[in-house]
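Asks: full-length UniProt numbering numbers the first residue of the sequence shown as 1 and each following residue consecutively. Ideal placement from N, C-alpha and C gives every residue a C-beta, glycine not left out. A quick note: this is a predicted structure, and the numbers were derived from the prediction, not measured.
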Amino acid sequence: MKESQPSAIFLKDYKVPPFLIDKTELTFDLDEATTIVTSRLHMRRNPAFGKSTAPLVLDGGEDVKLIGVAMDDYALPPEEYRVSENKLIITATADEFLLTCETLIEPQNNTRLEGLYRSSSMFCTQCEAEGFRHITYYLDRPDVMSVFTTTIIADEARYPVMLSNGNEVERGKTDEGKTVVVWHDPFPKPAYLFALVAGDLAVKNDVFTTQSKRDVKLQIFTESHNIDKVDYAMEALKRSMRWDEETYGREYDLDIFMIVAVDDFNMGAMENKGLNIFNSSCLLASPETTTDDTYLRVEAIVAHEYFHNWSGNRVTCRDWFQLSLKEGFTVFRDQTFSADMHSETVKRVEDVSFLKTAQFAEDAGPMAHPVRPASFIEISNFYTLTVYEKGSEIVRMIHTLLGAEKFRAGSDLYFDRHDGQAVTCDDFVAAMQDASGVDLTQFKRWYSQAGTPIVKVTDSFDAATGTYRLTMVQDTPATPGQPTKLPLHIPVRVGLLDEQGSVLTAEVNGVSAEDHVLHLTSSEQEFEFHGLSAKPVPSLLRGFSAPVKLRYDYSSTDLLLLLSSDSDGFNRWSASQQLAVNELTALINQAIEGQELSIDSQLVHGFKALLNDESLDPAMVALILALPSQAYLSELATPIYPAAIKQARQYLKALLANALSADFERVYREHKMDGDYQPTAEDIAHRSLKNIALSYWAETESELAQQEVVSQFKTANNMTDQFAALSIAVNSQHEKAEALLASFYEQWKAEPLVVNKWLMLSASQEQETALTTVKGLMEHPAFDLKNPNKVRSVLGGFGQSVSGFHHENGSGYAFLADQIILLNKRNPQIASRLCTPLTRWKKMQPELSVKMKAELERILAEDLSKDVYEVISKSLA
Ligand code: ARG
Ligand code: ZN
């Protein structure tokens, strides 16, 4: 452990910057050995800061070597500045001046993948959140916005493509024959949106004509062997541009929009102004190498980054506590976009399922934080499901409270009022409130209060008056640093069904409708529905109208009725999940008690009906057939018994498979498709139903099913079907599983993104020797510790192996801890993300809990990066 540990910074301490940078001129002399960066910063004291003689303090990184610094072309002697704790401090400055700074960096040794680094044979950057300081000294904070001009000098033979933000304005040669390219971005921006790329790249060109009839040049760059895989992303980009015009009235603002794919990237993608940089796993797509899920993800992320041009770039964040201002809103925008492109209900189910599994777990763990955190040690740790997904739910609730029209008026006002500014979540809510007249004062608590609220609902029916009463009680559990909570404003969308499943019209507060949004604002509140002749079955929290845990004592009969008849498609899925959770919970308890598992499953009836109802969307049927995941059941459990959960899921799956074997076989055959692969909602739906049907059928003893798995693997003309067959073989312990895995690798070893899928599946296997397998994978030629996608594949896959990761002797936890320690300094962001499974130690069954905790303590004893230190120390607190 270090002598002194990193300390937290607080939202309440925010102060406007003492200095501003009106113009930033950067020159990069790129070279394999050393890169020289010269910056010319046109600075002045910030009038808003007030009169001051405060010194100028610029942010830097330990990897930035200062060569020299000059003020108005006067080279400062060493006594006039100092570098301390990665800050460059200059005591005396004029009110307005030009600061010139020369620094040396070594991108080829940058393993953190923040700032300027090498990926394959190119140079690229990642500056959000605080990466720019690893390039040169700067006021690296989002409220310092500057107009950037960037000069790139490089050897054209190796780096024919040289890109930065904005427009290319000049091109020439140096005396030594190197190429010089100058880019200028007219829109003031914070340094986190700066980008630079140089490499030998292929390009795909296109044009988009905006609503005001301007032609925008579109370019996607990749290494030459991948350029045949960008057509889908290009089409997705054009759909996004059109959608943002039609839905939000937002038009693109520069004459050129570029996307570059890089292999080594810590996150999914980055919205740098005019020059988005993507993890190649989130951009490239081809039928043979890419699954349906990934097609949808590519489209969503292309849209997400594009939408940031307004929600993020034109209007940005004042400070990093406001991260959800851009991320929550932009996730909401990309979710709505995908819903519009495909199926709204399917999209909602997928998003909610993810939220309830992963964000709810985060909100219940040691890293729980509000959507607008009040403090942090390392901001990279706050690119979380809470800031992104729960942040999106907050914007969605505002949409529900205002209605579509007023919401649009609110967003128009927000963009109009704050264009070119760095603002706060409060400013966003104020615009929504001002444009709509809807009071959002209490609602704002969603931004500052962590934890998932629990809403308990009870009901009664008064036959004499035909009145149905719902009583709702809300309670948000304590989270670290927030022992007590205030009531939130929770929109609860409700419909009512009669015994036959028909939708009922009822009157609430004088309004007669089939669907009501109830406003739960107190700790306890009662709502009355009038005009009913019998006690209805309530369809609660339709469309998941608020990110809460709903508790209502549904009988199995109620759930089967909702599953078969609710007019809200989302709640049909929700009912099926609840039914499955109830049955699995009973089975898990039997497993924990060491009993033989047995259940009279109601799901058999529900599933049978579904499999025989041709009026349903096959995609919805597939989602309903998917049993609650190991991860979701773990989120629900206290304590978590991983092996019992696994056993219960396997048992129920086998039971359903055997009971409905003929139905699964038939559905499998009915949804098989000939013809070319298309990633359309319709085709994806058929494939998903077909493949889940096969996964059940393969759980039976049927010889035919086993043959079908192998045959689909061999004959598939697309990766979705081939990989589904492979996964089924592996998960059902098919006798050919090993052979298929080996043949898959042989077939795809030249395609790194496919190999990553193979790494993940191989690492996730349930077998006594899982740890040996994963160690072998990390020695495999296809593995590379420097590549975050590969690390995530292998270690993420291993985390899914109950027999490997949760081995009772603790060897799985020790292995993960070893990898965290190994990556701690090399790539702090990745190391920190790897800690997540261990942070759940308090919820684990006692025997495993102590072993996890011991590993956390072992990690804490190391000399840790800020990133890892924050997560580990908070987990042990
Ligand atoms: N703003 C990027 C996005 O579109 C993510 C950047 C992630 N950066 C980080 N340091 N975690 O969501
Ligand atoms: Zn984003």
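Of all the options Ala198, Glu176 and Asp253, which has the alpha carbon lying nearest to the alpha carbon of Ser212?
Replies: Asp253
Asks: Check whether the Cβ atoms of Thr602 and Ser565 lie closer than 9 Å to each other.
Replies: Note that residue 602 is Gln in the sequence shown, not Thr. No, the Cβ-Cβ distance between Gln602 and Ser565 is not below 9 Å.
Asks: With DSSP collapsed to three states, give me the class of Lys178.
Replies: In this structure, DSSP gives Lys178 a state outside helix and strand, which the three-state scheme calls coil.
Asks: Going along the chain, which unbroken runs of the beta strand (DSSP E) with 3 or more residues stay wholly within the segment 237 to 288?
Replies: 256 to 262 and 275 to 279
Asks: Can you confirm whether the segment 303 to 315 touches the segment 168 to 184 when touching is taken to mean that 3 or more C-beta pairs between the two stretches lie within less than 8 Å?
Replies: no
Asks: Determine the extent of the beta strand (DSSP E) in which Thr100 is found, giving its start and end residues.
Replies: Segment Glu96 to Ile105, the beta strand (DSSP E) holding Thr100.
Asks: Could you check the C-alpha separation between Val230 and Tyr159 for me, to the nearest Å?
Replies: Our two residues, Val230 and Tyr159, have alpha carbons roughly 21 Å apart in a direct line.
Asks: Can you find a heavy atom of the ligand ZN that lies under 8 Å from the Cβ of Glu305?
Replies: yes
Asks: Following a CB-centred definition, is Gly391 positioned closer than 8 Å to any heavy atom of the ligand MN?
Replies: Ligands present in the displayed structure are limited to the ligand ARG and the ligand ZN, and the ligand MN is not among them.
Asks: Within 10 angstroms of its Cβ, does Ile89 collect 16 or more other Cβ (buried), or is it exposed?
Replies: exposed
Asks: Given Asp663, which residues of its chain have a CB within under 6 Å of its CB, disregarding the five upstream and five downstream residues?
Replies: Hits under 6 Å: Leu611.
Asks: Residue ranges of each beta strand (DSSP E) run of no fewer than 3 residues wholly in the segment 143 to 213, ordered along the chain?
Replies: 146 to 154, 161 to 164, 167 to 173, 179 to 189, 196 to 199 and 202 to 209
Asks: Ignoring anything shorter than 4 residues, give me the alpha helix (DSSP H) runs that lie fully in the segment 777 to 850, in order along the chain.
Replies: 788 to 800, 802 to 805, 811 to 823 and 828 to 834
Asks: Below 8 Å, is the gap between the Cβ of Gly365 and the nearest heavy atom of the ligand ZN?
Replies: no
Asks: Tell me the residue span of the beta strand (DSSP E) that contains Ala513.
Replies: First-last of the beta strand (DSSP E) with Ala513: Val511 to Ala513.
Asks: To the nearest angstrom, how far is the alpha carbon of Glu735 from that of Trp748?
Replies: 22 Å
Asks: Under 8 Å from any heavy atom of the ligand ARG, does the C-beta of Ala685 make it?
Replies: no
Asks: Under three-state DSSP, which class holds Leu113?
Replies: coil
Asks: What do you get for Val387, buried or exposed, if any count of 16 or more other CB atoms within 10 angstroms of its CB means buried?
Replies: buried
Asks: State buried or exposed for Asn276, treating a residue as buried only when at least 16 other CB atoms are found within 10 Å of its CB.
Replies: buried
Asks: Does the segment 836 to 847 touch the segment 628 to 645, meaning 3 or more C-beta pairs lie closer than 8 Å?
Replies: yes
Asks: Run through DSSP, which three-state label would Cys124 get?
Replies: strand
Asks: Taking just the CA atoms, how far does Thr247 sit from Thr336?
Replies: Straight across, the Cα-Cα distance linking Thr336 with Thr247 is about 10 Å.
Asks: Figure out for me which residue from Leu440, Leu196 and Tyr414 has the closest Cα to the Cα of Asn272.
Replies: Leu196
Asks: Thinking Asn789 and Ser281 are a contact (beta carbons under 8 Å), I'd like their distance in whole angstroms, please.
Replies: Their Cβ separation, rounded to whole angstroms, is 5 Å, which keeps Asn789 and Ser281 in contact under 8 Å.
Asks: Just checking Glu251 against the ligand ARG - is the residue's beta carbon closer than 8 Å to any of the ligand's heavy atoms?
Replies: Answer for Glu251: no, Cβ out of range of the ligand ARG.
Asks: Rounding to the nearest angstrom, what Cα-Cα distance links Gln767 and Gln800 in this structure?
Replies: 12 Å
Asks: Can you tell me the Cα-Cα spacing of Ser873 and Leu860, whole angstroms?
Replies: Within the model, the alpha-carbon separation for Ser873 versus Leu860 is close to 7 Å.
Asks: Looking at the secondary structure, which residues open and close the beta strand (DSSP E) in which Glu40 lies?
Replies: Before going on, a small fix: residue 40 reads as Arg here, not Glu. Its beta strand (DSSP E) spans residues Thr35 to Arg45.
Asks: Buried or exposed: which applies to residue 926, given that a residue is buried once 16 or more other Cβ atoms fall within 10 Å of its Cβ?
Replies: With the chain covering 1 to 877 only, the question about residue 926 has no answer from this structure.
Asks: Does the beta carbon of Ser460 sit closer than 9 Å to a beta carbon anywhere in chain C?
Replies: Included in the structure is just one protein chain, with no chain C present.
Asks: Residues in its own chain within less than 8 Å of Lys238 by CB, not counting five upstream and five downstream?
Replies: Asp206, Phe208 and Leu218
Asks: Just to confirm the assignment, what range does the beta strand (DSSP E) spanning Phe221 have?
Replies: Asp215 to Thr222
Asks: Kindly indicate which three-state DSSP category Arg314 falls into: helix, strand or coil?
Replies: Under the three-state reduction of DSSP, Arg314 is assigned to coil, being neither helix nor strand.
Asks: Between the segment 78 to 92 and the segment 121 to 128, can you find at least three pairs of beta-carbon atoms closer than 8 Å?
Replies: Not touching, per the Cβ criterion.
Asks: Specify the secondary structure class of Asp13 as computed by DSSP and reduced to three states.
Replies: In the structure shown, Asp13 sits in a helix (DSSP, three-state: H, G or I).
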